[in-house]
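By the UniProt record's numbering, the letter at position 7 of the sequence shown is numbered 7, and the numbering carries on one by one without gaps. All C-beta atoms, glycine included, are put in the ideal place defined by N, C-alpha and C.
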Amino acid sequence: MVKRIMMFIFSITPLFMFQSSQPSYQSIPLKHYASDSSFRQLMFLHSFDLLGDIIVLPNEPFDHVEAASIITRVDRLPESMLLKLREKEIKMKLFEGKLTDNPTVKHLRGQTPRGYEKIGTKWDEVPGIGGSKLILVKIGHSEKGKGHGSINLELHELAHSIDRYLYNEIRHQEDFQKIWKEERGAVFPNNAYFLKYPEEYFAESFAMYHLNEQTNSNLKQYAPKTYAFIQNLK
Numbered sequence: 001m002v003k004r005i006m007m008f009i010f011s012i013t014p015l016f017m018f019q020s021s022q023p024s025y026q027s028i029p030l031k032h033y034a035s036d037s038s039f040r041q042l043m044f045l046h047s048f049d050l051l052g053d054i055i056v057l058p059n060e061p062f063d064h065v066e067a068a069s070i071i072t073r074v075d076r077l078p079e080s081m082l083l084k085l086r087e088k089e090i091k092m093k094l095f096e097g098k099l100t101d102n103p104t105v106k107h108l109r110g111q112t113p114r115g116y117e118k119i120g121t122k123w124d125e126v127p128g129i130g131g132s133k134l135i136l137v138k139i140g141h142s143e144k145g146k147g148h149g150s151i152n153l154e155l156h157e158l159a160h161s162i163d164r165y166l167y168n169e170i171r172h173q174e175d176f177q178k179i180w181k182e183e184r185g186a187v188f189p190n191n192a193y194f195l196k197y198p199e200e201y202f203a204e205s206f207a208m209y210h211l212n213e214q215t216n217s218n219l220k221q222y223a224p225k226t227y228a229f230i231q232n233l234k
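Below is the structure:
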């Protein structure tokens, strides 16, 4: 009997180890929502096959309308770019609650993010973070002023990961550096954050390009070289 119990324990151990070694997103991939579900009915997506693998959603109840709006905005990116995101296994997790309740960033609890020193905001209160292979975006906080200073939260944070993983850190590339130094004052004249950090300038310009016609037009008017640079990203 003891021998049988020991054999059973050893037989399940590899499965347990495999499961615990996988990233825990505590979420449901978008692709698991049926096409006739009430949530899916809120969206008409051009690139569902790609976004189905990229977007993950909370297990717990969440605001379906706000989440659908986030996904629809990400759907505006070129299909070729979304394909690269999937190939690189980059995910965007939409969440409710505190940012630092997410396992991948719990080490940031109580710390102050760059750019928030004067107001004393901690990472716990910030609604999103990008630059890694798991982008975190708080549902219902897309607009400027809702815990952040970007024109759009999800596009800005996604741009940080695009910068790093898809295009080998655009921020450090000489051609982009020249454009940034030339046009940063025209498009963001009073924003030290975007004037000082090229990666933030890229992320915000990327968000402007893809958010809507008005922001796209503004970027083209005030930063035509930046506009052309982003337009040429495939």
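Status (buried if at least 16 other CB within 10 Å, exposed otherwise) for residue i
| i | result |
| --- | --- |
| Glu60 | exposed |
| Lys118 | exposed |
| Met17 | The predicted model places Met17 with a pLDDT of 30, which falls under 50 and marks its position as unreliable; any figure quoted below should be read in that light. Label assigned to Met17: exposed. |
| Asn232 | exposed |
| Asn212 | exposed |
| Phe44 | exposed |
| Ala67 | buried |
| Arg114 | exposed |
| His32 | exposed |
| Asp163 | buried |
| Glu182 | exposed |
| Glu79 | exposed |
| Lys84 | buried |
Inter-residue Cα distance where the pair is residue i and residue j
| i | j | result |
| --- | --- | --- |
| Gly140 | Arg73 | 13 Å |
| Leu219 | Ala207 | 10 Å |
| Ala223 | Asp75 | 24 Å |
| Leu99 | Lys138 | 7 Å |
| Leu134 | Met92 | 6 Å |
| Ser37 | Tyr197 | 42 Å |
| His64 | Gly52 | 16 Å |
| Gly120 | Leu108 | 14 Å |
Contacts around residue i, its chain only, beta-carbon distance under 7 Å, and the 5 residues preceding and following it disregarded
| i | result |
| --- | --- |
| Lys122 | Gly110, Gln111, Thr112 |
| Pro58 | Ser27, Leu94, Phe95, Glu96 |
| Gly147 | Glu125, Val126, Pro127, His141 |
| Ile179 | Lys225, Thr226, Phe229 |
| Ser150 | Lys144, His156, Glu204, Ala207 |
Residues near residue i in its chain [Cβ-Cβ closer than 6 Å; skip 5 each side]
| i | result |
| --- | --- |
| Ile160 | Per the sequence presented here, residue 160 reads as His, with Ile not at that position. These residues qualify, in order along the chain: Gly130, Gly131, Ala203. |
| Asp101 | none |
| Phe62 | Glu96, Ile139 |
TODO: Evaluate the contact criterion for the region 185-194 versus the region 168-175: three or more CB pairs, one atom per stretch, below 8 Å.
DONE: no
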